[in-house]
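Enquirer:
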Amino acid sequence: ETVTVQELANRMAERGANVIKALMKMGVMATITQSIDADTAELVVEEFGHKAKRVADSDIEIGLVAPQDDADKLTSRAPVVTVMGHVDHGKTSLLDALRQTDVVSGEAGGITQHIGAYQVTRPSGQKITFIDTPGHAAFTAMRARGAKVTDIVILVVAADDGIMPQTVEAIRHAKAAEVPIVVAVNKIDKPDADPNRVRTELLNHDIQVEEMGGEVLSVEVSAKQKLNLDKLEEAILLQSELLDLKANPERSAEGTVIEAKMEKGRGSIATILVTRGTLRVGDVFVAGKEWGRVRAMVDERGQRIDEAGPAVPVEVLGFAGTPDAGDDFVVVEDEARAREVAEYRQRKEREALAVKSARGGSSMEQLFAAIQAGETKELPVVIKADVQGSAEALVGTLEKLGTDEVKVRVLHSAVGGINESDVTLAKASNALIIGFNVRANPQARDLARRDGVDIRYYSIIYDVADDMKQALTGMLSPTF
Ligand code: GDP
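In structure tokens form, the structure reads like this:
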């Protein structure tokens, strides 16, 4: 008995009576207020054509993602490409150079800006979408959250350097994700370039390019001199034809959060890559644990647009809170539904965090005393930052601090201002809150004062590391 018939109906946006009917068909008699077990709920959910996801033995989350589209509704869409490879092999240069192949930018005359992804239109009218964050960190982070956005990986290998450790890592990630690779042998303008060596070395990593009798497409390029960029794009389109990429543009939009941030005066903003359907201004949506209404959409040329179809990246304004990169994005029918799903997900996360931090203890002062006395081994922290990159950098830095005896434990890290739920979490786990380029809202500040939760503000990562080091040795005097 985990979910009432009413709640199940709400989560699926179906009428209660229809759910009761479906249950009856399955031989289960239940009233609207009665609870049913997770197994039964899962069957009902599937009966209605939704995707059920077990979030725990006893509970299920109703996937908002609707069933597959009928084949006759599908039309071709642009491929989505991620550039990976070893550091300094030219990933950033290549992304910059490819971006300039766009035939539309010139006409539109907008100022190009980084929104996390961009689309180029070729002279033929064909389009390619590039994820504008090179390297596999973003790729794996997205994948870890269950998002599959990339159709093709461009593996950049510098012809003067050959296969290096991160090249091998990139190959592993692409293979693990079952994403096809197109090799870009870069820097062929260099006198010591040896593309043949690259092709040979790739054989050791199970990549057989065409020149070696295999099927992997490879193109020799120079990002610096803009050589063969058209050939690379043709290879991408050829590969994409083999993948037969299609989506239904005529339905409510679904997508993935590519990047998210908070901006002064604009609020929470996220770049969404639409995976199917068409996103329009005014649409109400859920993105991860957040929801909102599309107030405006801006493309990578800074132009306002009214709609975005499959494989089109857009910056969306109108979020109630900042989502995370890799979050799913789904347009729903109304605000009530959006709020409900977002609140449900937030509640689930709080519950999970509460379990995670159930080991909490006494007040901050006692914690520091305990560290000093050598009784406590962990300094729990909650991190809130203005951008995803800072949050990640902080987590990385802090988790490396300390010794075998004492270390920092990051309970939660996210983008956005410090709110009441952060304070509640910190209170429950006796944690310190770190605000990096963000402030606490007045309610959170009051609550923190009342509950004796320590909030510290920073704008330099080094300062955070320094303070936490001191805290670990019990020297930091608490400021309440
Ligand atoms: P990333 O670390 O993979 O993003 O590499 P970058 O794009 O930052 O490039 C590293 C260095 O290689 C920079 O100094 C670039 O100017 C240089 N570089 C990139 N592509 C080429 C190329 O095609 N030819 C030459 N000669 N240099 C290049």
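With positions in the sequence shown counted from 1, the corresponding number in full-length UniProt numbering is that position plus 302.
By construction, the Cβ of each residue, glycine as well, lies at the ideal position given by its N, Cα and C atoms.
Check for me: the alpha helix (DSSP H) holding residue 538 runs from which residue to which?
Expert: 531-545
Enquirer: Whose CA, out of 625, 718, 549, lies closest to the CA of residue 613?
Expert: 549
Enquirer: Output needed for residue 588: all residues of its chain with C-beta closer than 7 Å, excluding positions within five of it in sequence on either side, in chain order.
Expert: 366, 632, 634, 640, 643, 644
Enquirer: Going by beta carbon distance, what residues of the same chain come within less than 7 Å of residue 541, once the five residues before and after it are set aside?
Expert: 454, 482, 484, 519
Enquirer: Please report the straight-line C-alpha distance between residue 309 and residue 400, rounded to a whole angstrom.
Expert: 49 Å
Enquirer: Indicate, with yes or no, if the ligand GDP has a heavy atom lying under 6 Å from the CB of residue 392.
Expert: Yes; taking the cut-off as 6 Å, the Cβ of residue 392 has a heavy atom of the ligand GDP nearer than that.
Enquirer: Using a Cβ-Cβ cut-off of 6 Å (strictly less than) and excluding sequence neighbours within five positions of residue 449, which residues of its own chain qualify?
Expert: These residues qualify, in order along the chain: 558, 628.
Enquirer: Report the CB separation of residue 583 from residue 599 in whole angstroms; it is logged as a contact under 8 Å.
Expert: Yes, residue 583 and residue 599 are in contact; Cβ-Cβ is about 6 Å, under 8 Å.
Enquirer: I need the boundaries of the beta strand (DSSP E) containing residue 454, first residue and last residue.
Expert: 454-460
Enquirer: Which partner residues of residue 337 appear in the DSSP bridge assignment?
Expert: 306
Enquirer: For the ligand GDP, any of its heavy atoms closer than 6 Å to the Cβ of residue 389?
Expert: yes
Enquirer: Three or more beta-carbon pairs under 8 Å between the region 711-727 and the region 738-755, yes or no?
Expert: yes
Enquirer: Would the beta-carbon of residue 520 be found less than 6 Å away from any heavy atom of the ligand GDP?
Expert: For residue 520, the shortest separation between its Cβ and any heavy atom of the ligand GDP does not lie below 6 Å.
Enquirer: If we count the other Cβ atoms within 10 Å of its Cβ and call it buried at 16 or more, is residue 762 buried or exposed?
Expert: exposed
Enquirer: In the DSSP assignment, find the unbroken alpha helix (DSSP H) run with residue 741 in it and report its ends.
Expert: Neither: residue 741 is in no alpha helix (DSSP H) and is coded neither H nor E.
Enquirer: Would residue 417 pass as a contact of residue 602 if the rule is Cβ separation under 7 Å?
Expert: Taking 7 Å as the Cβ cut-off, residue 417 and residue 602 qualify as a contacting pair.
Enquirer: Please determine, among 682, 420, 380, the residue with the shortest C-alpha to C-alpha distance to residue 545.
Expert: 380
Enquirer: Residue 695: beta carbon under 6 Å from a heavy atom of the ligand GDP?
Expert: no
Enquirer: Kindly give me the distance between the Cβ atoms of residue 338 and residue 307, rounded to whole angstroms, as I take these residues to be in contact under 8 Å.
Expert: 6 Å
Enquirer: Given this structure, state the Cα-to-Cα distance separating residue 554 from residue 430, to the nearest angstrom.
Expert: 22 Å
Enquirer: Beta carbon of residue 425: closer than 6 Å to some heavy atom of the ligand GDP?
Expert: no
Enquirer: Any heavy atom of the ligand GDP closer than 6 Å to the Cβ of residue 440?
Expert: no
Enquirer: What residue range is occupied by the uninterrupted beta strand (DSSP E) comprising residue 262?
Expert: What the structure shows of the chain is the stretch from 303 to 782, and residue 262 is not part of that stretch, so it cannot be assessed.
Enquirer: Is residue 573 closer than 7 Å to residue 561 when the C-beta atoms are compared?
Expert: yes
Enquirer: Hey, would you say the C-beta of residue 493 is under 6 Å away from at least one heavy atom of the ligand GDP?
Expert: no
Enquirer: How should residue 413 be labelled, buried or exposed, when 16 other C-beta atoms within 10 angstroms of its C-beta is the threshold for buried?
Expert: exposed
Enquirer: Looking only at its own chain, which residues have a Cβ that is under 7 Å from the Cβ of residue 770, when we skip the five neighbours before and after it?
Expert: 681, 700, 703, 710
Enquirer: To which residues does DSSP link residue 421 through a beta bridge?
Expert: 431
Enquirer: In the structure shown, what three-state DSSP assignment does residue 496 receive?
Expert: coil
Enquirer: Quick check on the burial criterion: 16 or more other C-beta atoms within 10 angstroms. Buried or exposed for residue 360?
Expert: Here the model assigns residue 360 a pLDDT of 43, short of 50, so the residue's position is not dependable and the matter cannot be decided.
Enquirer: Looking at the unbroken beta strand (DSSP E) that takes in residue 488, where does it start and where does it end?
Expert: 483-488
Enquirer: Rounded to whole angstroms, what is the Cα-Cα separation between residue 719 and residue 565?
Expert: 11 Å
Enquirer: Tell me whether the beta-carbon of residue 525 lies closer than 7 Å to the beta-carbon of residue 395.
Expert: yes
Enquirer: When the Cα of residue 556 is compared with those of 451, 503, 751, which residue comes out closest?
Expert: Minimum Cα distance to residue 556 is reached at 451.
Enquirer: Is residue 526 near the ligand GDP, in the sense that its beta carbon is under 6 Å from a heavy atom of that ligand?
Expert: Yes.
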